[in-house]
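Have a look at the structure below before the remarks.
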Ligand SMILES: NC(=O)c1ccc[n+]([C@@H]2O[C@H](COP(=O)([O-])OP(=O)(O)OC[C@H]3O[C@@H](n4cnc5c(N)ncnc54)[C@H](OP(=O)(O)O)[C@@H]3O)[C@@H](O)[C@H]2O)c1
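In the working numbering, the protein residues as written are 663 to 1056.
Right, here's the structure in full:
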């Protein structure tokens, strides 16, 4: 019998975190949960801790951490360490004895824990694409330095990882990432003005957290994924394309120099790429569905070019990636602020790209920034984006 993986789940109360724990629950002999981290959802963390028995849980919000500590003590689990504060998730990523860290926190907050896990040569199963967008060169340098494994969890990147495995990059013409197109596929810029937060979070094919749902609706999610793919697979931006594929069954494709195109198809179920990132290079059989070419589900697969005019966020992401250095960090920070403002009813849906573009315009990127420089730029971009939100909201 193989030794179980000792797993840390960062963002355990979110969509990816909960699905990761589904994978763990399906194979209790193969995984032990060493640690859990979230921001403020203490009730769910406590429920997860009582079920999976980690050694440590972390909540960024100190009040939530105190409530979790009291609830665990009340349930007779004083042995579970409870950490609080901004660095608590990083301490969980470094928890002694853990060997695998699944990173599914939100936004910029995932970068330090990812670097900490890689620094200790732990396998990093990465869902948090923003850490690569914001600090891609730092993350990749840490992988090279320690030899740690970085396995993508995003369905498109998991597909690309499988397609590109063992293929010399010189034989790859393009990597194609697919996008569902979100709930507003085919809408004009005019019609998009009336989009409400409720409409934007109702994604047609995937059930995800609010931030990534809005990012999918603006196509920013795909833009962040292009940057993520460029770092993960060492491909230049002009060889990474996006195709809108509403059925969301083909997750990525590669076109090769001999004219062939190889595509990766899988059911729309994030537990499949999550499980693969945890068990790679093994492929196991799981209790959730399979894809068949004969049951009618794959009868109609359509692919169209994205509408870059109605959805300017995708173009902004390419622009930020081409500018390089700290510009993708500005893109990502401005997007976080703009999405939050949209969800709070302070700016319209079409204000999101406006906030991002205007924030980017005011920034001259620094090449190969240090973590401190990334932090400084992140703070500047958030403050600048908040000012623009204020102006747009008047
Ligand atoms: N959902 C998907 O299908 C999907 C697919 C591919 C990639 N991703 C990526 O995976 C990441 C998570 O997405 P999601 O949809 O799972 O998001 P989500 O449902 O909103 O969950 C976010 C999780 O992160 C935690 N969190 C947020 N800020 C934190 C902080 N500062 N410290 C510690 N924990 C923090 C949240 O805790 P609380 O509950 O306490 O707030 C929650 O557990 C994102 O980067 C997203 O782009 C998601």
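Beta carbons: idealized from backbone N, C-alpha and C, even for Gly.
| Item | Value |
| --- | --- |
| Inter-stretch contact at 8 Å, needing at least 3 Cβ pairs: the stretch 820-836 / the stretch 849-860 | no |
| Any non-hydrogen atom of ligand 1 closer than 8 Å to residue 869 Cβ | yes |
| Coarse secondary structure for residue 924, derived from DSSP in three states | strand |
| Under 9 Å between C-beta atoms of residue 1015 and residue 975 | yes |
| Contact between the stretch 855-870 and the stretch 946-958 (3+ Cβ pairs under 8 Å) | no |
| Beta-carbon gap between residue 881 and residue 841 smaller than 9 Å | yes |
| Alpha-carbon to alpha-carbon, residue 1012 and residue 871 | 20 Å |
| Candidates 712, 867 and 939, of which the one nearest residue 906 by Cα | 867 |
| Element boundaries [beta strand (DSSP E), containing residue 837] | 834-841 |
| DSSP bridge partner residues for residue 814 (one or two, in chain order) | 788 |
| Own chain residues within Cβ distance below 7 Å of residue 791, not counting five before or after | 816, 886, 887 and 890 |
| Anticipated Cβ contact below 8 Å, residue 909 with residue 839, distance rounded | In fact, because the Cβ distance is near 15 Å, the residues do not count as touching under 8 Å. |
| Under the three-state DSSP convention, the category residue 1007 falls into | coil |
| Element boundaries [alpha helix (DSSP H), containing residue 710] | 704-714 |
| Sub-9 Å separation of residue 918 and residue 835 beta-carbons | yes |
| Residue 873 Cβ short of 8 Å to ligand 1 heavy atom set | yes |
| Any non-hydrogen atom of ligand 1 within 8 Å of residue 768 CB | yes |
| Coil, strand or helix - residue 913 by DSSP | strand |
| Which listed residue (1047, 1000, 1040 and 722) has its alpha carbon closest to that of residue 874 | 1000 |
| Three CB pairs or more closer than 8 Å across the stretch 916-934 and the stretch 804-813 | no |
| Closest residue to residue 943 among 1018, 1002, 814 and 993 (Cα-Cα distance) | 814 |
| Span separating the alpha-carbon of residue 721 from that of residue 732 | 13 Å |
| Range of the contiguous alpha helix (DSSP H) that encloses residue 693 | No alpha helix (DSSP H) holds residue 693; the beta strand (DSSP E) holding it covers 693-700. |
| Residue 713 Cβ short of 8 Å to ligand 1 heavy atom set | no |
| Contact check, residue 710 vs residue 664, beta carbons under 9 Å | no |
| Burial state of residue 958, where buried means 16 or more other Cβ atoms lie within 10 Å | exposed |
| Classification of residue 971 by the beta-carbon crowding that lies within 10 angstroms, buried from 16 upward | exposed |
| Which listed residue (916, 701 and 812) has its alpha carbon closest to that of residue 767 | 701 |
| Meets three-Cβ-pair contact criterion under 8 Å: the stretch 980-994 and the stretch 1024-1033 | yes |
| Coarse secondary structure for residue 737, derived from DSSP in three states | coil |
| Expected contact under 8 Å - CB spacing of residue 719 and residue 685 to nearest Å | Wrong, their Cβ atoms sit about 19 Å apart, outside the cutoff. |
| Neighbour-count burial assignment, residue 774, 16 or more Cβ in a 10 Å radius | buried |
| Cβ distance (whole Å) where residue 764 is taken to contact residue 837 below 8 Å | With a Cβ gap of about 24 Å, residue 764 and residue 837 do not count as contacting. |
| Minimum C-alpha distance to residue 940 - residue among 682, 672, 1042 and 677 | 682 |
| Counterpart residues of residue 902 in DSSP-defined beta bridges | 837 |
| With 16 other Cβ atoms within 10 Å as the buried cut-off, status of residue 1023 | exposed |
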